[in-house]
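A.B. asks: Protein chains in written order, with the working numbering: chain C, 1 to 252; chain Y, 1001 to 1354. This is the structure I want to talk about, given as structure tokens.
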Amino acid sequence: MRLSIEHLSFSYGKKTVLSDLSFDAEGGKCLFILGANGAGKSTLLSNLLLLVKPQAGRILLDGTDLSLLRPSERARRIAYVPQDVDFPSMTVFDAVLLGRKPFFHWNAKREDELEVERVLTELGLEQLALRDASRLSGGEKQMVAIARALAQGAPVLLMDEPTSNLDVRHCLSVLSLFQKLSRERGMAILIVLHDLSLALRYADEFLLLSEGKLKKKGEIGSLTGEDLSEALGVKAEIVQVNGQRLLHLEEV
Amino acid sequence: MSFVHAYKQRRLRKLVALIVLIALCLLLSVCSILVGASDLSFGEVVLAIFGVGEKNALLAVRNIRLPRVIAALVAGGGLAISGLVMQNVLKNPVASPSTLGVGNAAVFGANFAIVALGAGAFHSTHGNWLTIENPYLVSAFAFFSSLLCVGMILLLSSIKKFPPSTVVLAGVAMGSIFQAATTIIQYFADDMQVASAVYWTFGDLSRATYREDLIMAIVVGVSFLYFYWKRWDYAAMTNGGTLAKTLGVRTGRVTVLSLFLASLITAVCVSFLGIIGFVGLIAPQIMRKIVGDDHRFLLPCSFFCGAVVLLVSDTVGRLVIAGTALPVGAVTSLLGGPLFLYLLLKEKRHAAID
Chain C
1 MRLSIEHLSF SYGKKTVLSD LSFDAEGGKC LFILGANGAG KSTLLSNLLL LVKPQAGRIL
61 LDGTDLSLLR PSERARRIAY VPQDVDFPSM TVFDAVLLGR KPFFHWNAKR EDELEVERVL
121 TELGLEQLAL RDASRLSGGE KQMVAIARAL AQGAPVLLMD EPTSNLDVRH CLSVLSLFQK
181 LSRERGMAIL IVLHDLSLAL RYADEFLLLS EGKLKKKGEI GSLTGEDLSE ALGVKAEIVQ
241 VNGQRLLHLE EV
Chain Y
1001 MSFVHAYKQR RLRKLVALIV LIALCLLLSV CSILVGASDL SFGEVVLAIF GVGEKNALLA
1061 VRNIRLPRVI AALVAGGGLA ISGLVMQNVL KNPVASPSTL GVGNAAVFGA NFAIVALGAG
1121 AFHSTHGNWL TIENPYLVSA FAFFSSLLCV GMILLLSSIK KFPPSTVVLA GVAMGSIFQA
1181 ATTIIQYFAD DMQVASAVYW TFGDLSRATY REDLIMAIVV GVSFLYFYWK RWDYAAMTNG
1241 GTLAKTLGVR TGRVTVLSLF LASLITAVCV SFLGIIGFVG LIAPQIMRKI VGDDHRFLLP
1301 CSFFCGAVVL LVSDTVGRLV IAGTALPVGA VTSLLGGPLF LYLLLKEKRH AAID
């Protein structure tokens, strides 16, 4: 399974946000998208989801141009966890059941409900199932949004800062879950993340954006302090401690 | 799994709530026919509805009472689902069937027909009653004027891709244009014409015959099916337009079609019956407090809640003063307003069945 982005360009009016991006994201890997504010990370996700129309370029999933698919067929292939998650007054069960929407014809089927049950159990959210989703804490909402995206069962999962509302414990457990999911199910998981330390620890690959251009892409082991310093405007150094690569940051 | 079991239990309770509402609706329909026709028993009314019984009872029930009750059910339910869909799609809890200015546009059309085309007049031969000489002309103008209003708003919003809040503002603007036009027409009209025109705007279910009932039922029925088909789309859209799109919902198309059908219901009801306010606002809100934002149940429950509200209002309006009927539009607000305030006051910020 391979998501290929070919010569993708996008601009808001006259402001070019993405220029001529080409890269592949492969199944079985977690690709972390890194970059400064305004580097085009979220816009890249919007383009991949076809929420906006790319000005140029194509997005292919195993050779199929995503823009040629019907919206529900596309939704079966790409799931999304937005940065700001909010719910109306509905039960968590129903909120997650919405992730099965692309598969509904007239109504939810039994297997859709079984899938919701499975995902909620997998994420340890059983106690939340009947709670009103609009009344959950920020962290709980984020977990429910992740559950909904997983219930969607798509091979490609896009996430915009999925850990922004999570405490340290949930943050680590969610990121290792993504690692596990990508390996076990062969999903391609693309995560926009500002926290570079977490990226160093949990990414398989990284994509470094700077002013809408692809600065560098590769195995996370090949990410150097100089790359980050240039792209983010800080003094970054990656040091090896007990076999782990850790990040040291300073203002310029 | 225990939570799945509990989830299904809850769904069952919502289904029970819906069935209770339907039963209430049927019971109130018979009661509404019963009151006034004092010489008939409950059993006779039920039989007469199905065409069994002596001739006088049949005449009273089938020709006078029944069309009126059907109008209350269809228009009440229709306005309620129209309001619900407006609230959903425009993401605005105070949106109502007339949010896109349909009501004002219909009134303008009616005024134009009555004043400029002379479709209405004062007839002393009918005692003190004002009559509309050519009700179909008035209804037709009201209807097409509403369609013009909605069409323009929807055209503008789909061309310029308005967000919901802008659609609401466009509706307000369009509504006030039609209101101003109505004022100008009335300014140049004579007393009798103004009286006829004002009288026309009072909602009145007695205007409905089987023919009007049938037309309203077709429009409401088709819209209901569409809204029910799209119930999961609305559920997704209440989570935000972006998310709905990533779940495969064609949000633009659903929005425009929903607004069109919701406005069509309103246009038909207002054109035939006059202005009936408030049902479309409160019926969905009442049901939201009982079954929550669960669109599988919210839509049918709102329909029957609206039907009950309008039916009760009409029946009460007929009974308060013997020999005449209060305008049902005013009665809905007089009865519904306090009920709604009561619900707001005792609000637990939770749906009753959630």
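Where a beta carbon is used, it is the ideal one built from N, C-alpha and C, also for glycine.
1. Can you round the beta-carbon distance between Y:Thr-1201 and Y:Phe-1108 to whole angstroms, since I take them to be within the 8 Å contact cut?
2. Y:Phe-1227 CB to nearest chain C CB: under 7 Å?
3. Start and end of the alpha helix (DSSP H) containing C:Glu-113?
4. Taking C-beta pairs closer than 8 Å, name the residues in chain C that Y:Lys-1245 reaches, listed in chain order.
5. Measuring CB atoms only, is the region 1003-1010 of chain Y touching the region 116-129 of chain C, in the sense that at least three cross pairs come out at less than 8 Å?
6. So, with DSSP's three-state summary, where would you put C:His-170?
7. From Y:Gly-1241 to C:Ile-146, what does the alpha carbon distance come to, in whole angstroms?
8. Using CA coordinates, which residue listed in Y:Gly-1053, Y:Gly-1329 and Y:Ile-1185 is at the minimum distance from Y:Val-1270?
9. Return the first residue and the last residue of the beta strand (DSSP E) that C:Ile-189 is part of.
10. Give the interface partners of C:Ala-129 over in chain Y, defined as CB-CB distance under 7 Å, in chain order.
11. Output, in chain order, the set of chain C residues within a Cβ distance shorter than 8 Å of Y:Gly-1240.
12. In chain order, what residues of the same chain have a beta carbon less than 6 Å from the beta carbon of Y:Ala-1197, not counting five sequence neighbours either side?
13. Here's the rule I'm using: 16 or more other beta-carbon atoms within 10 Å means buried, otherwise exposed. How should Y:Asp-1314 be labelled?
14. Got a sec: is the Cβ-Cβ distance from Y:Gly-1248 to anything in chain C below 7 Å?
15. Name the chain Y residues that come within less than 8 Å of C:Leu-98, Cβ to Cβ?
16. Kindly indicate which three-state DSSP category C:Leu-60 falls into: helix, strand or coil?
17. Taking the C-alpha atoms as reference points, what is the distance between C:Arg-110 and C:Gly-99?
18. Rounded to whole angstroms, what's the CA-CA distance from Y:Asn-1128 to Y:Ala-1195? Just pull it up for me.
19. Residues in its own chain within less than 7 Å of C:Ala-25 by CB, not counting five upstream and five downstream?
20. Run the CB neighbour count on Y:Gly-1221, radius 10 Å, all protein chains shown included, and call it buried at 16 or more, exposed below.
21. Below 8 Å, can you find three or more Cβ-Cβ pairs linking the region 1169-1179 of chain Y to the region 1294-1305 of chain Y?
22. Along chain Y, in chain order, which residues have C-beta atoms closer than 8 Å to that of C:Lys-41?
23. Starting from Y:Ser-1041, trace the alpha helix (DSSP H) both ways and give me its first and last residue.
24. Beta-carbon separation of Y:Val-1268 and Y:Thr-1332 under 7 Å?
25. Would you say C:Pro-155 faces chain Y, with C-beta separation under 7 Å as the test?
26. What are the boundary residues of the alpha helix (DSSP H) that includes Y:Phe-954?
27. Would you kindly work out how many angstroms separate the C-alpha atoms of Y:Val-1312 and Y:Leu-1028, rounded to a whole number?
28. Which of the three DSSP states is assigned to Y:Ile-1276 in this structure?
29. Which residues bound the beta strand (DSSP E) around C:Gly-35?
30. When burial is assigned at 16 or more other CB atoms within 10 Å of the CB, is C:Val-92 buried or exposed?
31. Within 7 Å (strictly less), CB to CB, does C:Val-17 reach chain Y?
32. If you run the structure through DSSP and keep just helix, strand and coil, what is C:His-7?
33. Mind checking if C:Lys-109 is an interface residue toward chain Y, Cβ cutoff 7 Å exclusive?
34. Apart from the five residues just before and just after C:Phe-10, which ones in its own chain have a Cβ nearer than 7 Å to its Cβ?
35. Measuring CA to CA, which of C:His-105, C:Glu-226, C:Leu-175 and C:Ser-22 is closest to C:Ala-203?
36. Tell me C:Lys-216's beta-bridge partners as DSSP assigns them.
C.D. replies: Well, looking at it:
1. Taking the second sequence and counting its residues from 1, one reaches residue 1201 of chain Y at position 201. Taking the second sequence and counting its residues from 1, one reaches residue 1108 of chain Y at position 108. In fact, because the Cβ distance is near 11 Å, the residues do not count as touching under 8 Å.
2. Numbered from 1 along the second sequence, position 227 holds the residue referred to as residue 1227 of chain Y. False, the Cβ-Cβ gap to chain C never drops below 7 Å.
3. By 1-based counting over the first sequence, the position of residue 113 of chain C is 113. Unbroken alpha helix (DSSP H) run through C:Glu-113: 110-122.
4. Taking the first residue of the second sequence as 1, we reach residue 1245 of chain Y at position 245. What Y:Lys-1245 touches in chain C: Leu-49, Leu-51 and Pro-71.
5. yes
6. To locate residue 170 of chain C, count along the first sequence from 1; it is residue 170. In the structure shown, C:His-170 sits in a helix (DSSP, three-state: H, G or I).
7. Your numbering for residue 1241 of chain Y matches position 241 in the second sequence. Your numbering for residue 146 of chain C matches position 146 in the first sequence. Between Y:Gly-1241 and C:Ile-146, the C-alpha separation is close to 18 Å.
8. Position 270 of the second sequence, counting from 1, holds the residue named residue 1270 of chain Y. Nearest C-alpha to Y:Val-1270: Y:Gly-1329.
9. Translated into positions along the first sequence, residue 189 of chain C becomes position 189. That run of the beta strand (DSSP E) goes 188-192.
10. Within the first sequence, residue 129 of chain C is the residue found at index 129, counting from 1. Those are Phe-1003 and Tyr-1007, listed as they occur along chain Y.
11. Mapped onto the second sequence, residue 1240 of chain Y falls at position 240. Correct list: Pro-82 and Asp-86.
12. Taking the first residue of the second sequence as 1, we reach residue 1197 of chain Y at position 197. Same-chain partners within the cutoff: Asn-1111 and Ile-1114.
13. Reading the second sequence from its first residue, position 314 is the one you call residue 1314 of chain Y. Taking all protein chains shown into account, Y:Asp-1314 has 16 or more neighbouring C-beta atoms within 10 Å of its C-beta and is therefore buried.
14. The residue labelled residue 1248 of chain Y in the question sits at position 248 within the second sequence. Cβ-Cβ to chain C under 7 Å: yes for Y:Gly-1248.
15. Residue numbering aside, residue 98 of chain C sits at position 98 when the first sequence is read from its first letter. Under the 8 Å cutoff, chain Y gives Trp-1232, Ala-1235, Ala-1236, Asn-1239 and Leu-1247.
16. Along the first sequence, one-based indexing puts residue 60 of chain C at 60. Three-state DSSP puts C:Leu-60 in a strand.
17. In the first sequence, counting from the first residue as 1, residue 110 of chain C sits at position 110. In the first sequence, counting from the first residue as 1, residue 99 of chain C sits at position 99. Their Cα atoms are separated by approximately 14 Å.
18. In the second sequence, counting from the first residue as 1, residue 1128 of chain Y sits at position 128. In the second sequence, counting from the first residue as 1, residue 1195 of chain Y sits at position 195. Bear in mind that the predicted position of Y:Asn-1128 carries a pLDDT of just 47, short of 50, making it too unreliable to give a figure here.
19. Here residue 25 of chain C refers to the residue found at position 25 when the first sequence is read from its first residue. Hits under 7 Å: Leu-3, Leu-31, Ala-188 and Leu-190.
20. Within the second sequence, residue 1221 of chain Y is the residue found at index 221, counting from 1. Flag for Y:Gly-1221 reads exposed.
21. no
22. Residue mapping note: residue 41 of chain C aligns to position 41 of the first sequence, counting from 1. Simply none; closest approach about 16 Å.
23. Position 41 of the second sequence holds residue 1041 of chain Y. Per DSSP, Y:Ser-1041 lies in no alpha helix (DSSP H) segment and is marked neither H nor E.
24. On the second sequence, position 268 is the one that residue 1268 of chain Y refers to. On the second sequence, position 332 is the one that residue 1332 of chain Y refers to. Contact: no.
25. The sequence position of residue 155 of chain C within the first sequence is 155, counting from 1. Not one chain Y Cβ lies under 7 Å of C:Pro-155.
26. For chain Y, the structure presents residues 1001 to 1354; residue 954 of chain Y sits outside this window and is missing.
27. In the second sequence, residue 1312 of chain Y corresponds to position 312, counting from 1. In the second sequence, residue 1028 of chain Y corresponds to position 28, counting from 1. Distance between the alpha carbons of Y:Val-1312 and Y:Leu-1028 is about 8 Å.
28. On the second sequence, position 276 is the one that residue 1276 of chain Y refers to. Y:Ile-1276 falls in the coil class under three-state DSSP.
29. Sequence index remark: in the first sequence, residue 35 of chain C carries index 35 (1-based). Here the beta strand (DSSP E) through C:Gly-35 covers 30-35.
30. Taking the first residue of the first sequence as 1, we reach residue 92 of chain C at position 92. Burial call: buried.
31. The sequence position of residue 17 of chain C within the first sequence is 17, counting from 1. False, the Cβ-Cβ gap to chain Y never drops below 7 Å.
32. Taking the first residue of the first sequence as 1, we reach residue 7 of chain C at position 7. Note: C:His-7 maps to strand in three-state DSSP.
33. Within the first sequence, numbered from 1, the residue matching residue 109 of chain C stands at position 109. Closer than 7 Å: no.
34. Residue mapping note: residue 10 of chain C aligns to position 10 of the first sequence, counting from 1. Result list for C:Phe-10: Val-17, Leu-18, Thr-43, Asn-47, Val-52, Pro-54 and Gln-55, in chain order.
35. Within the first sequence, the letter at position 203 stands for residue 203 of chain C. Of C:His-105, C:Glu-226, C:Leu-175 and C:Ser-22, the residue nearest in Cα terms is C:Leu-175.
36. Within the first sequence, numbered from 1, the residue matching residue 216 of chain C stands at position 216. C:Lys-216 pairs with C:Leu-208.
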